[in-house]
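Engineer: Note that the protein sequences, when read in sequence, are chains A and B.
15 is the number that my numbering gives to position 15 of the first sequence; each next residue is one higher, with no gaps.
To convert a position in the second sequence, counted from 1, into my numbering, add 429.
Glycine residues also receive a C-beta, built at the ideal position from the N, C-alpha and C atoms.
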Amino acid sequence: MYWNKKIETLKSGDLERLQTKRLKWSLNQALNIEFYRNLFREAGVSPDDIATLDDVTKLPFTHKADLRGGYPFGFCAVPMREVVRIHTTSGTTGKPTVVCYTRQDLGNWSELIARNMVMAGIGEDDIFQNSVNYGLFTGGLGFHYGAEEIGMTVIPSATGNTKRQIEMIEDFGVTVIHCTPSYALYLAEAAEEMGASLDTLKTGLFGAEPWSENMRRELESRLGVRAFDSYGLSEMYGPGVAFECPEHDGLHIWHDSYLVEIIDPKTGERLECGERGELVITPLVKEAMPIIRYRTGDITMLMEDGCACGRGQKIARITGRTDDMMVIRGINVFPSQIEHALLSLPGVGEQFMVYIDRIRHLDEMMIVVEIDRDVFSGELQDLARLQSEVAGAIRDALGIRTSVKLAEPGTLPRFEGKARRVVDRRGDL
Amino acid sequence: MEDAYIIKQISVFSENRPGRLAAIAGALKDGDVNIFAFSIAEADGFGVVRALVDAPEKAHRILTDQGFRVSYTEVIGVKMRDEPGGLYEIATVLGDAGINIEYAYAYSGRDAAVLILRVDHVRDAIKEILSRGGDLLEASAFT
Ligand SMILES: [Zn+2]
């Protein structure tokens with residue numbers, strides 16, 4: 001089953017012609033952005049130098065830090081009156097990255113989500129529970145509109161209130177659920193405790209954090225679903241960039257909308273099919289925010305062409321990051337972000353540790369702060385205030401709930417070299 | 430002179446885990462510091478141990494050397510009349526004067542029960558209590 005068979009199965013020559021045409025359009029669109037005008041001038045290239053797809057290697061990369069530097073609208077290529085929505089994504093320090101969408105962008109995005117869902121065998125007869133964060137996070141609205149595009153029944157259940165989530169699945173006869181894989185396991189456990197069998201569920205769409213084949217087996221057996229891996233990033237609209245087909249062997253990435261390269265993250269050199277490296281994407285249809293050769297930081301590889309489903313070349317499931325980015329409850333977090341938020345707090349100082357654990361399938365962050373001599377007034381309420389200030393700083397900076405433990409002096413590890421104050425103890429998913 | 434009634438309490442930060450109180454008490458015992466009264470206030474995962482001792486500076490030094498976070502807190506000690514309404518009386522005196530009691534704990538002194546009070550305005554509290562005929566413990570009673 002296809003949503004848009006012609007485009008989804010477009011083959012070599014036709015695809016390349018379309019990609020080249022769209023690449024040129026994207027480069028010209030990027031010229032509306034001062035950053036790219038300067039970048040191209042410094043690199044001595046212009047969109048006219050790009051005649052073939054391989055010519056894209058003449059262009060410089062765009063890094064996450066570049067986008068952050070453009071806060072808030074430095075990477076918006078259209079007048080604000082054409083921007084119909086804004087999402088944001090967290091950065092390594094302070095300011096988020098802003099992603100703007102034109103009406104056409106939202107249409108493109110919904111189309112990609114619709115392709116993914118139809119590819120997973122979902123159609124207008126399905127009842128879809130979208131159990132991810134709505135709001136600035138792209139996962140909620142992205143899937144919501146894509147699912148409506150197809151015409152299925154959409155339940156914007158968002159996150160939280162697990163008991164209610166389970167009741168809705170049972171009472172509404174939900175057939176498809178979209179959530180993070182860790183929340184799915186939590187949901188499965190809660191359903192088992194409630195004695196809810198979730199019989200109607202048949203398909204699970206899981207994304208926003210990396211998950212393993214072991215996790216797939218567990219999700220499929222406990223929820224009674226076929227599990228599909230979903231990949232995306234806000235800078236490329238959000239989810240929907242690449243998605244598993246029923247073969248469950250790699251993710252189809254939508255080549256008509258994204259030009260894909262795999263590079264050696266150290267040298268920037270292009271890698272061959274089958275070689276693992278960093279995924280670099282140049283969006284081909286993005287109006288409000290065209291980005292050239294974006295370094296995603298995600299590690300994958302291009303797979304051999306020729307999937308049984310007839311669609312284009314796949315990428316392998318993401319196996320890691322080129323940087324130290326972590327995904328906590330579906331939110332991208334860099335250790336430096338956490339440190340930045342804490343170091344700026346009076347009363348915390350240098351002595352803190354951050355632990356990320358997975359407790360009952362959910363990510364939990366715990367911050368341990370050693371009580372400084374200057375901080376201790378002798379009053380309990382001052383300590384309690386410090387505790388809530390720390391939790392508040394993390395919530396404000398990252399949108400993550402955290403527990404805060406206050407520790408006696410000398411109880412935390414001391415570092416001689418570079419301090420590693422953020423410790424991920426979750427192991428593999 | 431109100432200052433004579435200001436008692437120096439030591440407050441010690443402690444994690445909520447087994448053995449911490451014993452460690453504090455043990456350190457003071459080894460340093461020959463006598464504890465007259467103490468209380469523990471607990472919050473989420475930690476607590477503050479409050480103690481009245483015969484040598485607060487020495488106690489501060491000993492505990493700090495052991496790695497504890499210690500600070501001084503000014504408190505007052507009110508001798509309680511052994512009759513109903515004693516606590517009510519004191520609370521009323523302070524309440525009328527707009528003085529807030531942050532916490533209180535009791536211990537049995539040599540000749541009367543003593544209520545230790547941490548208030549937001551120590552000197553005003555002393556003045557009020559004395560002027561209303563209350564009986565305050567002098568700090569020298571501990572040394
Ligand atoms: Zn396929």
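Check whether chain A comes within 8 Å of Asp553/B, counting only Cβ atoms and requiring the distance to be less than that.
Structural biologist: Start at 1 with the first residue of the second sequence, and residue 553/B comes out as number 124. False, the Cβ-Cβ gap to chain A never drops below 8 Å.
Engineer: Starting from Arg373/A, find everything on chain B with Cβ-Cβ shorter than 7 Å and list it in chain order.
Structural biologist: Start at 1 with the first residue of the first sequence, and residue 373/A comes out as number 373. Going along chain B in sequence order, the residues near Arg373/A (Cβ under 7 Å) are Arg498.
Engineer: Give every residue whose Cβ lies closer than 6 Å to any heavy atom of ligand 1, listed in chain order.
Structural biologist: Counting every residue whose Cβ lies closer than 6 Å to a heavy atom of ligand 1, we get Cys245/A, Glu247/A, His252/A, Cys307/A, Cys309/A and Arg311/A.
Engineer: Between Glu486/B and chain A, is the shortest Cβ-Cβ distance under 8 Å, so that the two count as touching?
Structural biologist: On the second sequence, residue 486/B is found 57 positions in, with the first residue counted as 1. Chain A, which has no Cβ nearer than 8 Å to the Cβ of Glu486/B, makes this no.
Engineer: Whose C-alpha, out of Phe73/A, Glu42/A and Lys24/A, is nearest the C-alpha of Ala51/A?
Structural biologist: Numbered from 1 along the first sequence, position 51 holds the residue referred to as residue 51/A. The candidate whose alpha carbon is nearest that of Ala51/A is Lys24/A.
Engineer: So, is Phe415/A buried or exposed, given that buried needs 16 or more other C-beta atoms within 10 angstroms?
Structural biologist: Counting from 1 along the first sequence, the entry for residue 415/A is found at position 415. Its Cβ having fewer than 16 others within 10 Å, Phe415/A is exposed.
Engineer: In whole angstroms, what separates the C-alpha of His87/A from that of Thr175/A?
Structural biologist: The sequence position of residue 87/A within the first sequence is 87, counting from 1. The sequence position of residue 175/A within the first sequence is 175, counting from 1. In a straight line, the C-alpha of His87/A is about 28 Å away from that of Thr175/A.
Engineer: Name, please, each residue of chain B whose Cβ falls closer than 8 Å to the Cβ of Ala384/A.
Structural biologist: Locating residue 384/A in the first sequence gives position 384, counting from the first residue. Those within 8 Å of Ala384/A in chain B are Ala472 and Asp473.
Engineer: Under a CB-based cut-off of 8 Å, is Val482/B close to chain A?
Structural biologist: Here residue 482/B refers to the residue found at position 53 when the second sequence is read from its first residue. False, the Cβ-Cβ gap to chain A never drops below 8 Å.
Engineer: Among Thr296/A, Tyr2/A and Gly399/A, which one has its Cα closest to the Cα of Leu112/A?
Structural biologist: Mapped onto the first sequence, residue 112/A falls at position 112. If we check each option's Cα against that of Leu112/A, Tyr2/A comes out closest.
Engineer: Sort out for me which residues DSSP pairs Gly320/A with in a bridge.
Structural biologist: On the first sequence, residue 320/A is found 320 positions in, with the first residue counted as 1. Paired residue(s): Ile299/A.
Engineer: Measure the Cβ-Cβ separation of Ser443/B and Val478/B and say whether it is below 8 Å.
Structural biologist: As a position in the second sequence, residue 443/B is number 14, starting the count at 1. As a position in the second sequence, residue 478/B is number 49, starting the count at 1. Yes; because the gap between Cβ atoms is below 8 Å, this pair is in contact.
Engineer: I'd like the list of long-range same chain contacts for Leu201/A, defined as Cβ closer than 7 Å, with 5 residues on each side in sequence excluded.
Structural biologist: Translated into positions along the first sequence, residue 201/A becomes position 201. Excluding residues within five positions, the ones whose Cβ falls inside 7 Å are Ile169, Val174, Thr175, Ile177, Leu223, Gly224 and Val225.
Engineer: Taking the C-alpha atoms as reference points, what is the distance between Phe128/A and Pro47/A?
Structural biologist: The residue given as residue 128/A occupies position 128 in the first sequence. The residue given as residue 47/A occupies position 47 in the first sequence. Cα-Cα distance, rounded: 43 Å.
Engineer: Quick check: the stretch 285–302 of chain A against the stretch 100–111 of chain A, are there 3 or more CB pairs under 8 Å?
Structural biologist: Contact holds: three or more Cβ-Cβ distances are below 8 Å.
Engineer: When you compare the CB of Ile376/A with every CB in chain B, is at least one pair closer than 8 Å?
Structural biologist: In the first sequence, counting from the first residue as 1, residue 376/A sits at position 376. Residue 376/A is actually Phe in this sequence, not Ile. Interface residue, yes.
Engineer: Expressed to the nearest angstrom, what Euclidean distance is found between the alpha-carbon atoms of Cys76/A and Ile33/A?
Structural biologist: In the first sequence, counting from the first residue as 1, residue 76/A sits at position 76. In the first sequence, counting from the first residue as 1, residue 33/A sits at position 33. Roughly 7 Å between the two C-alpha positions.
Engineer: Hey, could you find the ends of the beta strand (DSSP E) Tyr36/A is sitting in?
Structural biologist: In the first sequence, counting from the first residue as 1, residue 36/A sits at position 36. Premise fails: Tyr36/A lies in the alpha helix (DSSP H), Glu34 to Ala43, not in any beta strand (DSSP E).
Engineer: Please specify which runs of the alpha helix (DSSP H), each continuous and at least 4 residues long, are wholly inside the stretch 210–236 of chain A, giving them in chain order.
Structural biologist: As far as the stretch 210–236 of chain A is concerned, its whole alpha helix (DSSP H) runs of at least 4 residues are 213–223.
Engineer: Does any CB atom of chain B fall closer than 8 Å to the CB of Pro441/A?
Structural biologist: A question about residue 441/A goes unanswered here, because the residues of chain A that appear run from 1 up to 429.
Engineer: Could you check what DSSP says for Gly207/A in three-state terms: helix, strand or coil?
Structural biologist: The sequence position of residue 207/A within the first sequence is 207, counting from 1. Gly207/A: strand per DSSP, three-state reduction.
Engineer: Got a sec: is the Cβ-Cβ distance from Ser440/B to anything in chain A below 8 Å?
Structural biologist: Mapped onto the second sequence, residue 440/B falls at position 11. True, the Cβ-Cβ gap to chain A drops below 8 Å.
Engineer: Output, in sequence order along the chain, the residues in the stretch 387–413 of chain A whose CB is closer than 9 Å to any CB in chain B.
Structural biologist: From the stretch 387–413 of chain A, only Gln387, Ser403, Val404, Lys405, Leu406, Ala407, Glu408, Pro409, Gly410 and Thr411 have a Cβ closer than 9 Å to chain B.
Engineer: For Thr502/B, decide whether its Cβ has a neighbour in chain A, counting only Cβ atoms nearer than 8 Å.
Structural biologist: What you label residue 502/B is simply residue 73 of the second sequence in a count that begins at 1. Yes, contact with chain A.
Engineer: Secondary structure at Pro239/A, three-state DSSP: helix, strand or coil?
Structural biologist: Position 239 of the first sequence, counted from the start, is the residue given in the question as residue 239/A. Of the three classes helix, strand and coil, the one that applies to Pro239/A here is strand, per DSSP.
Engineer: Helix, strand or coil for Ala158/A? Go by DSSP, reduced to three states.
Structural biologist: In the first sequence, residue 158/A corresponds to position 158, counting from 1. If DSSP states are grouped into helix, strand and coil, Ala158/A belongs with coil.
Engineer: State buried or exposed for Pro453/A, treating a residue as buried only when at least 16 other CB atoms are found within 10 Å of its CB.
Structural biologist: There is no way to answer for residue 453/A, as the model of chain A reaches only from 1 to 429.
Engineer: Taking only three categories from DSSP, how would you classify Asn130/A?
Structural biologist: Here residue 130/A refers to the residue found at position 130 when the first sequence is read from its first residue. In the structure shown, Asn130/A sits in a strand (DSSP, three-state: E or B).
Engineer: Does any C-beta atom of chain B lie closer than 8 Å to the C-beta of Leu380/A?
Structural biologist: Counting from one through the first sequence, the residue named residue 380/A turns up at place 380. So, interface residue.
Engineer: How would you list, in chain order, the residues of chain A whose beta-carbon sits under 8 Å from the beta-carbon of Val477/B?
Structural biologist: The residue labelled residue 477/B in the question sits at position 48 within the second sequence. Simply Gly378, Glu379, Leu380 and Leu383.
Engineer: Determine, using beta carbons only, whether Ser443/B comes closer than 8 Å to chain A.
Structural biologist: On the second sequence, position 14 is the one that residue 443/B refers to. With 8 Å as the cut-off, Ser443/B counts as an interface residue toward chain A.
Engineer: If you check the beta carbons only, do Val522/B and Lys487/B fall under 8 Å apart?
Structural biologist: Position 93 of the second sequence, counted from the start, is the residue given in the question as residue 522/B. Position 58 of the second sequence, counted from the start, is the residue given in the question as residue 487/B. Not a contact, by the Cβ cut-off of 8 Å.
Engineer: Going by DSSP in three states, Arg164/A sits in which element: helix, strand or coil?
Structural biologist: Position 164 of the first sequence, counting from 1, holds the residue named residue 164/A. Helix, per DSSP.
Engineer: For Arg561/B and Gly514/B, I'd like the C-alpha separation in whole angstroms.
Structural biologist: Counted from its first residue, the second sequence places residue 561/B at position 132. Counted from its first residue, the second sequence places residue 514/B at position 85. Each residue's Cα considered, the two are about 15 Å apart.
Engineer: Helix, strand or coil for Asn332/A, going by three-state DSSP, please let me know.
Structural biologist: For the purposes of this step, residue 332/A is identified with residue 332 of the first sequence, where counting begins at 1. Strand.
Engineer: For Met194/A, which residues of its own chain have a beta-carbon under 8 Å away from its beta-carbon, when the five flanking residues on both sides are left out?
Structural biologist: Stepping through the first sequence from its first residue, residue 194/A is reached at position 194. Taken in chain order, the residues that qualify are Lys163 and Ile166.
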